[in-house]
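Here the structure comes first, spelled out in structure tokens, and everything after it is commentary.
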Amino acid sequence: MSTKFLKHTLGICKKIKQHQKSHLIIKALATIVACLIFLMFIPAFRNLILIAVWPKIWRQVGTIDILMMEFTTQSPENVVGQNCTSTVKPTLDLTRRLHSIHKHENVSEERLRSPAHRHFLPAMSFPEKQTILQIYVVLADSLRRSGVEFFLESGSLLGAHRHHGFIPWDNDIDIEIHVTDWMSARDALSCIEGYELIVDPIMHWRFNERKSRYPFVDIFFYTGNDKYIWAITWYARRSLVALKSEVFPLTTGIFEGIEVPVPKDTEIILRKLFDYDYCFSRSPKTGKYRSGTT
Numbered sequence: 001m002s003t004k005f006l007k008h009t010l011g012i013c014k015k016i017k018q019h020q021k022s023h024l025i026i027k028a029l030a031t032i033v034a035c036l037i038f039l040m041f042i043p044a045f046r047n048l049i050l051i052a053v054w055p056k057i058w059r060q061v062g063t064i065d066i067l068m069m070e071f072t073t074q075s076p077e078n079v080v081g082q083n084c085t086s087t088v089k090p091t092l093d094l095t096r097r098l099h100s101i102h103k104h105e106n107v108s109e110e111r112l113r114s115p116a117h118r119h120f121l122p123a124m125s126f127p128e129k130q131t132i133l134q135i136y137v138v139l140a141d142s143l144r145r146s147g148v149e150f151f152l153e154s155g156s157l158l159g160a161h162r163h164h165g166f167i168p169w170d171n172d173i174d175i176e177i178h179v180t181d182w183m184s185a186r187d188a189l190s191c192i193e194g195y196e197l198i199v200d201p202i203m204h205w206r207f208n209e210r211k212s213r214y215p216f217v218d219i220f221f222y223t224g225n226d227k228y229i230w231a232i233t234w235y236a237r238r239s240l241v242a243l244k245s246e247v248f249p250l251t252t253g254i255f256e257g258i259e260v261p262v263p264k265d266t267e268i269i270l271r272k273l274f275d276y277d278y279c280f281s282r283s284p285k286t287g288k289y290r291s292g293t294t
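Residue numbers for the sequence shown follow the UniProt record's numbering, beginning at 1 and rising by one.
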């Protein structure tokens with residue numbers, strides 16, 4: 001009887017120790033997780049741990065602000081295109097084609113054929129560049145006449161600042177409009193003779209010639225609070241989260257000889273967005289990205 005009792009007692013003690021050990025492991029893991037969560041609110045540590053997935057432009061933004069942007073931002077309701085019963089002619093003289101140049105024409109053929117440069121040859125032909133400039137001029141004139149403020153962003157902003165025109169391997173023009181102006185923008189761009197506005201509820205629109213959907217101007221929308229502005233479309237927030245004080249009041253840049261609206265502190269914004277040695281371009285025909293380092 002005593003032997004059975006002893007074995008039973010030892011079994012209970014063993015289970016208690018196992019339970020205590022499991023409890024200690026769980027407690028230790030919970031402590032580690034709690035510490036990691038706490039450290040995620042320290043930007044320097046967060047940026048180091050999440051360097052592979054954390055967008056560069058987010059690195060100086062607080063974690064709470066990013067969470068607020070990611071989980072509270074919503075597109076407007078009932079975003080639909082406008083049915084046009086008639087069209088209006090562009091108010092500009094479009095008989096004269098706007099001129100642009102290919103920057104690579106001054107570079108030797110031998111250098112252009114090197115593997116380091118082959119991904120970054122011009123993404124558009126010379127006629128395509130003329131076409132997209134004309135599309136932009138029509139869009140800009142129509143928005144201004146309707147009182148809709150906008151500015152260049154992302155690769156187009158870099159092009160205006162560094163090249164005073166297209167980045168040689170870029171293939172579109174990107175602009176940002178405040179989300180409260182979406183209906184005014186839609187009404188201004190929907191019924192222009194020869195042009196088409198493609199409206200999407202996720203707030204990534206396109207404006208192009210009706211006869212061809214390429215090339216085009218990308219239209220994104222942003223919202224904001226007292227401190228920041230950020231893109232409505234989730235993937236566009238990887239390229240637009242900025243201090244309001246760095247963006248406004250807007251100033252003027254030059255893009256292929258055209259005056260364009262750009263953020264007040266363009267260089268500061270670009271330094272936060274782009275690395276110095278990295279280049280990428282997205283093909284509008286395949287949707288694939290081409291990238292490399294200099």
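Cβ coordinates follow ideal geometry from the N, Cα and C atoms, glycine included.
Among the bridge pairs identified by DSSP, His-178 is matched with Tyr-222. Asn-208 is bridged by DSSP to Glu-196, Phe-216. The Cβ atoms of Lys-244 and Tyr-222 do not sit closer than 8 angstroms to each other. Taking a C-beta distance under 8 angstroms as the contact criterion, Asp-200 and Asp-172 do not qualify as a contact pair.
In this structure, Leu-143 places its C-beta atom within 8 angstroms of the C-beta atom of Ala-185. The beta carbon of Leu-39 sits closer than 6 angstroms to the beta carbons of Phe-45 from its chain, once the five residues preceding and following it are set aside; these are given in chain order. At a Cβ-Cβ threshold of 8 angstroms, Thr-251 and Lys-272 do not count as neighbours. In the DSSP annotation of this structure, the continuous segment of the beta strand (DSSP E) that includes Pro-261 starts and ends at 258-262. Looking only at Val-33, Ser-212, Ile-192, Leu-158, the smallest Cα-Cα distance to Thr-131 is reached by Ser-212. The residues Ile-177, Asp-181, Ser-184, Ala-185, Ala-188, in chain order, have a CB closer than 7 angstroms to that of Val-148 in the same chain once the five nearest residues on each side in sequence are set aside. In the DSSP assignment, Ile-49 falls within the alpha helix (DSSP H) that extends over 43-49.
For the 8 angstroms CB-CB criterion, Thr-266 and His-163 do not form a contact.
Around the Cβ of Phe-150, a 10 Å sphere holds 16 or more other Cβ atoms; the residue is buried.
The shortest CA-to-CA distance from Ser-239 to any of Ile-49, Leu-24, Leu-36, Ile-57 is the one to Ile-57. The continuous alpha helix (DSSP H) containing Tyr-136 extends over residues 126-145.
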